[in-house]
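Asks: Dropping a structure here in structure tokens format, bear with me for questions.
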DNA sequence: TGTCAACTAATGTAATAACAGTAGTTGCGA
DNA sequence: TCGCAACTACTGTTATTACATTAGTTGACA
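Have a look at this one:
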């Protein structure tokens, strides 16, 4: 039942094992495997999926004023489209509220409700523990530091879409 | 005003900036940002999405015999459900073939067709270049090595669901 | 002002994913 | 061999996502 069972030691011509390939594979697997455990647990304990926590967390970080739909869309990690209806659902659950934007009648400001803040806090704490257990504890402190440092650039890019 | 307002301006009480948190955040962002670029490019050049490449790659690695549906489901990174119909679509496109399993009439063996292998190879090469450009080149060699080494455990686990 | 392109969010529709339930098969033990 | 639980994949249905289009708003400029 080997997993990668037949790990042929010969190099596959069409699959060069480059350094960046191994790194990417690691990142991808780490994300996938971790979320496979974390998402069901989030749903079980918080009652909503990661897409909701993503939105709630962005709004939490944004503070009082909340965010415009487009800002929310740009910042969110899990939702690339269908934000309107996602916010619809979260709003229907009472965790979020749409408010008019004073100077611009096109826009909407999405804001956390009190209930939303409470549910966010609880969910965030629980989710963090799961992440720590499933992801954090599998790495040494030095490894965590190295990964955090190496991948930091990816969450500082909001404007650089220019890659070669 | 709230919470953020009258808190210490540095550390947010409900968001401790732990080491593993930063590492996880990096991994998550790296995956998200990279795929946001890579998936549309894959569709544009190969004509199919990442879920297809995921399946094709697993079958490629599996070799001649192909894989049972369940093996495929366990190994795939992007598909957690709906594999039956995903394979339906890929099969309808002629990239994959379902074969009977000799000893077990319940099972199905999914195998790459010749066309499937060609399309896989082309897609894989193109996709790799994108990954290199968007992900690989943003890290130094030492960083790539550190990330690859630290996260390697995640793609060696198929049986350890036992986390604490 | 009047016109128009850009902007902002929502809507209609089709594709896909998630979840529960089903049909047929297998292997074990009475 | 019969009954039954486990197994394997599929189907029915609902929820969600993706993609294209639409409605209304804004700002610039003739």
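Chains as they are written, first to last, in the numbering used here: chain W, 1 to 164; chain S, 1001 to 1164.
Backbone N, C-alpha and C fix where the C-beta goes; we use that ideal spot for every residue, glycine too.
None of these values were measured; they are calculated from a predicted model.
Exposed or buried, what is residue 62 of chain W when buried is set at 16 or more other beta-carbons lying within 10 Å of its beta-carbon?
Replies: Counting from 1 along the first chain, the entry for residue 62 of chain W is found at position 62. Buried, by the Cβ-count rule.
Asks: On the three-pair Cβ rule with 8 angstroms, is the stretch 78-95 of chain W touching the stretch 122-130 of chain W?
Replies: At 8 angstroms Cβ cutoff, the stretches do not touch.
Asks: Determine the contact status of residue 17 of chain W and residue 119 of chain W, defining contact as a CB-CB distance below 8 angstroms.
Replies: As a first step, residue 17 of chain W must be located in the first chain, where it is residue number 17. As a first step, residue 119 of chain W must be located in the first chain, where it is residue number 119. Contact: no.
Asks: Which class does residue 103 of chain W belong to by DSSP, given the choice of helix, strand or coil?
Replies: As a working note, residue 103 of chain W is residue 103 in the first chain. In the structure shown, residue 103 of chain W sits in coil (DSSP, three-state: anything other than H, G, I, E or B).
Asks: Can you find a C-beta in chain S that's less than 8 angstroms from the C-beta of residue 33 of chain W?
Replies: In the first chain, residue 33 of chain W corresponds to position 33, counting from 1. Cβ-Cβ to chain S under 8 angstroms: yes for residue 33 of chain W.
Asks: Quick check: the Cα distance between residue 107 of chain W and residue 68 of chain W, rounded to an integer number of angstroms?
Replies: Looking up residue 107 of chain W in the first chain gives position 107. Looking up residue 68 of chain W in the first chain gives position 68. About 7 angstroms.
Asks: Residue 73 of chain W: buried (16+ other C-beta within 10 angstroms of its C-beta) or exposed?
Replies: As a first step, residue 73 of chain W must be located in the first chain, where it is residue number 73. Counting Cβ neighbours within 10 Å, residue 73 of chain W comes out buried, since at least 16 surround it.
Asks: Can you check the stretch 1025-1070 of chain S for any alpha helix (DSSP H) of at least 4 residues that lies completely inside it and give the ranges in chain order?
Replies: Whole alpha helix (DSSP H) segments, 4+ residues: 1050-1062.
Asks: Which word fits residue 958 of chain S, buried or exposed, when buried means at least 16 other C-beta atoms lie within 10 angstroms of its C-beta?
Replies: For residue 958 of chain S there is no data in the structure shown, the boundaries of chain S being 1001 and 1164.
Asks: Rounded to whole angstroms, how far is the Cβ of residue 150 of chain W from the Cβ of residue 1146 of chain S, which I believe are closer than 8 angstroms?
Replies: Position 150 of the first chain, counting from 1, holds the residue named residue 150 of chain W. Position 146 of the second chain, counting from 1, holds the residue named residue 1146 of chain S. Yes, they are in contact, since the Cβ atoms of residue 150 of chain W and residue 1146 of chain S sit about 6 angstroms apart, within 8 angstroms.
Asks: In terms of residues, what are the limits of the alpha helix (DSSP H) holding residue 1081 of chain S?
Replies: Your numbering for residue 1081 of chain S matches position 81 in the second chain. First-last for residue 1081 of chain S: undefined, no H or E at that position.
Asks: Less than 8 angstroms between CB atoms is the rule here; does residue 1141 of chain S satisfy it with respect to chain W?
Replies: Here residue 1141 of chain S corresponds to residue number 141 of the second chain, with the count starting at 1. So yes, residue 1141 of chain S belongs to the interface.
Asks: Per DSSP, what kind of secondary structure is residue 95 of chain W in: helix, strand or coil?
Replies: Counting from 1 along the first chain, the entry for residue 95 of chain W is found at position 95. Coil.
Asks: Could you tell me whether the Cβ of residue 87 of chain W comes closer than 8 angstroms to any Cβ of chain S?
Replies: Taking the first chain and counting its residues from 1, one reaches residue 87 of chain W at position 87. Residue 87 of chain W does not count as touching chain S.
Asks: What residue from W:97, W:39 and W:103 has the CA that sits closest to residue 114 of chain W's CA?
Replies: As a first step, residue 114 of chain W must be located in the first chain, where it is residue number 114. Nearest of W:97, W:39 and W:103 to residue 114 of chain W, Cα basis: W:97.
Asks: Which residues in the same chain as residue 4 of chain W place their Cβ atom closer than 7 angstroms to its Cβ, once the five residues preceding and following it in sequence are excluded?
Replies: Along the first chain, read from residue 1 onward, the residue named residue 4 of chain W stands at position 4. Because the pLDDT at residue 4 of chain W is just 37, under 50, the model does not fix this residue reliably, and the point stays unresolved.
Asks: I want to verify the contact list: residues of chain S whose CB lies under 8 angstroms from the CB of residue 29 of chain W, in sequence order.
Replies: Your numbering for residue 29 of chain W matches position 29 in the first chain. By Cβ distance, chain S contributes 1077, 1151, 1154 and 1155.
Asks: Go through its chain and collect everything with a Cβ distance to residue 1130 of chain S's Cβ below 8 angstroms, but skip five positions before and after it.
Replies: Working through the second chain from its first residue, we reach residue 1130 of chain S at position 130. These residues qualify, in order along the chain: 1037, 1038, 1041 and 1042.
Asks: Return the residue from the list W:109, W:44 and W:60 that minimises the CA-CA distance to residue 84 of chain W.
Replies: Counting from one through the first chain, the residue named residue 84 of chain W turns up at place 84. Checked all of W:109, W:44 and W:60; the closest Cα to residue 84 of chain W is W:109.
Asks: Among W:34, W:58 and W:50, which residue has its Cα nearest to the Cα of residue 1015 of chain S?
Replies: For the purposes of this step, residue 1015 of chain S is identified with residue 15 of the second chain, where counting begins at 1. The option with the nearest alpha carbon to residue 1015 of chain S is W:58.
Asks: Residue 131 of chain W CB to nearest chain S CB: under 8 angstroms?
Replies: As a first step, residue 131 of chain W is located in the first chain; it is residue number 131 there, counting from the start. Yes - at least one Cβ of chain S is within 8 angstroms of the one on residue 131 of chain W.
Asks: May I ask which residues mark the beginning and end of the alpha helix (DSSP H) holding residue 1133 of chain S?
Replies: Mapped onto the second chain, residue 1133 of chain S falls at position 133. Segment 1114-1134, the alpha helix (DSSP H) holding residue 1133 of chain S.
Asks: In chain S, which residues lie less than 8 angstroms from residue 52 of chain W when you measure between Cβ atoms?
Replies: One-based indexing of the first chain puts residue 52 of chain W at position 52. What residue 52 of chain W touches in chain S: nothing, since even the nearest Cβ is about 16 angstroms away.
Asks: Pull up the distance between the alpha-carbon of residue 1086 of chain S and that of residue 1050 of chain S, whole angstroms please.
Replies: Position 86 of the second chain, counted from the first residue, corresponds to residue 1086 of chain S. Position 50 of the second chain, counted from the first residue, corresponds to residue 1050 of chain S. One C-alpha to the other measures close to 12 angstroms.
Asks: Which residue marks the beginning of the alpha helix (DSSP H) containing residue 1152 of chain S, and which one marks its end?
Replies: Looking up residue 1152 of chain S in the second chain gives position 152. Where residue 1152 of chain S is concerned, there is no enclosing alpha helix (DSSP H), given that its DSSP letter is neither H nor E.
Asks: With C-beta atoms as the reference, is residue 1152 of chain S less than 8 angstroms away from residue 136 of chain W?
Replies: To locate residue 1152 of chain S, count along the second chain from 1; it is residue 152. To locate residue 136 of chain W, count along the first chain from 1; it is residue 136. It is not a contact, given that the beta carbons lie outside the stated cut-off.
Asks: Quick one: Cα of residue 30 of chain W to Cα of residue 1054 of chain S, how far?
Replies: Counting from one through the first chain, the residue named residue 30 of chain W turns up at place 30. Counting from one through the second chain, the residue named residue 1054 of chain S turns up at place 54. Rounded to whole angstroms, residue 30 of chain W to residue 1054 of chain S spans 16 angstroms at the Cα level.
Asks: For residue 1036 of chain S, go through chain W and note every residue whose CB falls closer than 9 angstroms to its CB, in chain order.
Replies: As a working mapping, residue 1036 of chain S is identified with position 36 in the second chain. Those are 80, listed as they occur along chain W.
Asks: Please report the distance separating the alpha-carbon of residue 19 of chain W from that of residue 1048 of chain S.
Replies: Locating residue 19 of chain W in the first chain gives position 19, counting from the first residue. Locating residue 1048 of chain S in the second chain gives position 48, counting from the first residue. Cα to Cα, residue 19 of chain W sits roughly 26 angstroms from residue 1048 of chain S.
Asks: Quick one: which chain W residues come within Cβ less than 7 angstroms of residue 1022 of chain S?
Replies: Start at 1 with the first residue of the second chain, and residue 1022 of chain S comes out as number 22. Simply 148.
Asks: Just tell me which of W:134, W:144, W:142 and W:141 has its CA closest to the CA of residue 33 of chain W.
Replies: For the purposes of this step, residue 33 of chain W is identified with residue 33 of the first chain, where counting begins at 1. Out of W:134, W:144, W:142 and W:141, W:134 has the C-alpha closest to the C-alpha of residue 33 of chain W.
Asks: Look at the Cβ atom of residue 56 of chain W, then the Cβ atom of residue 95 of chain W, and state whether they are nearer than 8 angstroms.
Replies: Numbered from its first residue, the first chain carries residue 56 of chain W at position 56. Numbered from its first residue, the first chain carries residue 95 of chain W at position 95. Yes.
Asks: Between the alpha carbons of residue 1082 of chain S and residue 1088 of chain S, how many angstroms are there, rounded?
Replies: Reading the second chain from its first residue, position 82 is the one you call residue 1082 of chain S. Reading the second chain from its first residue, position 88 is the one you call residue 1088 of chain S. Those two C-alpha atoms are separated by around 10 angstroms.
Asks: Could you name the residues of chain W that residue 1136 of chain S contacts, counting a contact when the two beta carbons are closer than 9 angstroms?
Replies: One-based indexing of the second chain puts residue 1136 of chain S at position 136. Correct list: 18, 19, 20, 21, 23 and 24.
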